[in-house]
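For the protein sequence lines, the chains are B and E, in the order given.
Counting from 1, one number per residue, gives the positions in the first sequence under our numbering.
Counting from 1, one number per residue, gives the positions in the second sequence under our numbering.
Worksheet for the structure shown next.
Number of protein chains: 2
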Amino acid sequence: MAAGASTLVRNETVPDSSRATTATAVYQRIKDDILDGRLAPGLKLRIEFVSERYGAGSSPIREALSRLSSEGIVIRHEQRGFCVAPISLDELREVTTTRCWLETIALRETLANPTPQWEDALVIAYHRLSRTKRFLDDVEPSLNPAWEEQHANFHEALIANCGSNLLRRYCRDLRDQSYRYRVLAAPARPPGGEIEHQPIFEAAIARDVERAVQLLSSHYRITQRVVEQHLLNLA
Amino acid sequence: MAAGASTLVRNETVPDSSRATTATAVYQRIKDDILDGRLAPGLKLRIEFVSERYGAGSSPIREALSRLSSEGIVIRHEQRGFCVAPISLDELREVTTTRCWLETIALRETLANPTPQWEDALVIAYHRLSRTKRFLDDVEPSLNPAWEEQHANFHEALIANCGSNLLRRYCRDLRDQSYRYRVLAAPARPPGGEIEHQPIFEAAIARDVERAVQLLSSHYRITQRVVEQHLLNLA
DNA sequence: CATAGCAATTTTATCGATAAAATATTGACT
DNA sequence: AGTCAATATTTTATCGATAAAATTGCTATG
């Protein structure tokens, strides 16, 4: 993933204790490679190819791909292997819509149960986000991994007190999916982003529930439109 | 799972074409065994044990367990194997709460986009459910697999037009989780069930959105309380 | 020229064996 | 007795080889 740290915000599918197994390490690397677009949508994932690329035997590879297929990032065809999940306008829309629904609930619930610790964490997350540059201007404009990490952290922090780990996991999965589409539109340098988070943050701190959920959803909708437009331009 | 047919309602994690791979077959069987309580919560799943039980080598077994751990039905401990996910009052509550949230959205959306085909399918599902016996009276009272299948079908049909496959999948996963708790309370012969679906069905057909979502949520809440009580009695 | 059947090739899925890690056991020492 | 360390045992995780299935290419036939 763009962020050096794997899949942002501590993936709870790989929490546990001690040092990871290679199956888990490979799982993370493949996931990051797909989300960051280094493994193209639709690409056939021949076992030998993947095996070679990540320097592991077939068993851990299959294990990793099996897990990814449960998350919808990889598609499994019985008896004929795996491939990177394709992308489509329809899916982009579905992901966005579902994300708006779920995060609306999560934010409502969080704002109904605010705690000092939650608020502190949110303040910190917002502060860090606001101090990080949106893009890198190296050669050609590209996403800034650090910003992506803070961005994910902010959205995670926003809904952290919703009271359901399940819901938080679904939101995280949807965030990962969205990220993949956003990366595709990266060269277009989608605007906004920098300015949209402040009002969301402020509404949350002010406990203005209706305003907060409204802003959050339109934040996602706007991003969707930008990406959508970019995809249409390609085709 | 109680229903002879695996995990009710066509599991979309195992859709695809042709005949299943053993990894997939084992995945289904383990899942069913866990949900039906034949593999007890918390049980250590030693590879050799599982391997022997299902007559397959370690590779497909690990693949199956990996998939199940993505669904939260199995827990993976890095470098120290797998176990059946434990159960707890807290989790029961979390599952139920989350389910109420998500199905409320799904039902609202479905009722906002009703189609004749959707309605037909719902009518059929309800009809079949209403004609099936809730329990089997063999020796000791037990769940009726056929009823469980119709029950799952009915709830699936109810929200089938929500417009998001992702949301439907989350709802299905939550339904599976709930089922496991319900099985535990089966000997207590939880009442209701038979009578609660009719008003939900009627409200849906009448497009009475508020009433429908209200009834649906209380349906889940009531079930939760029954199971909760049963769990408390055991401890 | 299209197509059905067959053989050769590639690729997947599974097995069984080994290496690596965790757990249990023993015995020395305080 | 209780703790700790060293060793033995169990169990997990990974590898490499094989079997099974799909794909490709070829040939014969309508």
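In this text, a Cβ means the ideal position worked out from N, Cα and C, and glycines have one as well.
Keep in mind that this is a model prediction, so the values were computed, not measured.
Between the alpha carbons of residue 104 of chain E and residue 166 of chain E lies a gap of roughly 15 angstroms. The beta-carbon distance between residue 78 of chain B and residue 20 of chain E, rounded to whole angstroms, is 6 angstroms. This is short enough to meet the 8 angstroms contact definition.
Residues are counted here when their Cβ sits less than 8 angstroms from a Cβ of chain E; for the stretch 83-107 of chain B these are 94, 95, 97, 98, 101, 102 and 105, given in chain order. Inter-segment contact for the stretch 221-230 of chain B and the stretch 21-35 of chain E is absent: fewer than three beta-carbon pairs are separated by less than 8 angstroms.
In this structure, the straight-line span from the alpha carbon of residue 132 of chain B to that of residue 175 of chain B is close to 20 angstroms. In the three-state scheme derived from DSSP, where H, G and I count as helix and E and B as strand, residue 142 of chain E is classed as strand. Rounded to whole angstroms, the gap between the alpha carbons of residue 201 of chain B and residue 134 of chain B is 17 angstroms.
For residue 63 of chain B, at least one C-beta of chain E is nearer than 9 angstroms to its own C-beta.
The stretch 86-101 of chain B and the stretch 175-185 of chain B touch, with three or more beta-carbon pairs separated by less than 8 angstroms. For the pair residue 120 of chain E and residue 128 of chain E, the Cα-to-Cα distance works out to about 12 angstroms. Residues of chain E whose Cβ lies closer than 7 angstroms to the Cβ of residue 170 of chain B are, in chain order, 170. Going by DSSP, residue 205 of chain E is part of the alpha helix (DSSP H) stretching over 197-205. Taking the C-beta atoms as reference points, residue 50 of chain E is found no nearer than 9 angstroms to residue 35 of chain E.
Interface criterion met: the Cβ of residue 19 of chain B is under 9 angstroms from a Cβ in chain E.
If you draw a 10 Å sphere on the C-beta of residue 150 of chain E, you find 16 or more other C-beta atoms in it, and that means buried. Put simply, the backbone Cα of residue 117 of chain B is about 10 angstroms away from that of residue 161 of chain B. Per DSSP, residue 30 of chain B lies in no beta strand (DSSP E) segment; the continuous alpha helix (DSSP H) that holds it begins and ends at 22-35. Residue 67 of chain E is a Cβ neighbour of residue 70 of chain B, given a cutoff of 9 angstroms.
For residue 165 of chain E, the chain B residues whose Cβ falls inside 8 angstroms of its Cβ are 94, in order along the chain.
Residue 46 of chain B carries a coil assignment under DSSP once its states are collapsed to helix, strand and coil. Collapsing the DSSP output to three states places residue 222 of chain E in a helix. Excluding five sequence positions before and after residue 41 of chain E, the CB atoms of its chain that fall closer than 6 angstroms to its own CB belong to 84, 86 and 87, given in chain order.
In this structure, the straight-line span from the alpha carbon of residue 209 of chain E to that of residue 145 of chain B is close to 44 angstroms. Note that the C-beta distance between residue 108 of chain E and residue 226 of chain E is not below 9 angstroms. Nearest CB-CB separation between residue 110 of chain E and chain B: not below the 9 angstroms threshold. Secondary-structure assignment with DSSP links residue 83 of chain B through a beta bridge to B:44 and B:75. Neighbours of residue 150 of chain E in chain B, taken as residues whose beta carbon is under 9 angstroms from its own, are absent, since the nearest beta carbon is some 26 angstroms off.
With respect to the 9 angstroms criterion, residue 234 of chain E and residue 89 of chain E are not classified as neighbours on the basis of their beta carbons. Counting along the chain, the unbroken alpha helix (DSSP H) around residue 112 of chain B starts and ends at 89-112. The beta carbon of residue 142 of chain E does not come within 9 angstroms of any beta carbon belonging to chain B, so the residue lies off that interface. Residues of the stretch 22-38 of chain B whose Cβ lies closer than 8 angstroms to any Cβ of chain E, in chain order: 23 and 24.
In the DSSP assignment, residue 164 of chain E falls outside any alpha helix (DSSP H), carrying neither H nor E.
Take the alpha-carbon of residue 142 of chain B and the one of residue 229 of chain B: they are about 18 angstroms apart. When Cβ-Cβ separations below 9 angstroms define contact, residue 174 of chain E makes contact with chain B. Within chain B, no residue has its CB atom less than 9 angstroms from the CB of residue 178 of chain E, the nearest being about 12 angstroms off.
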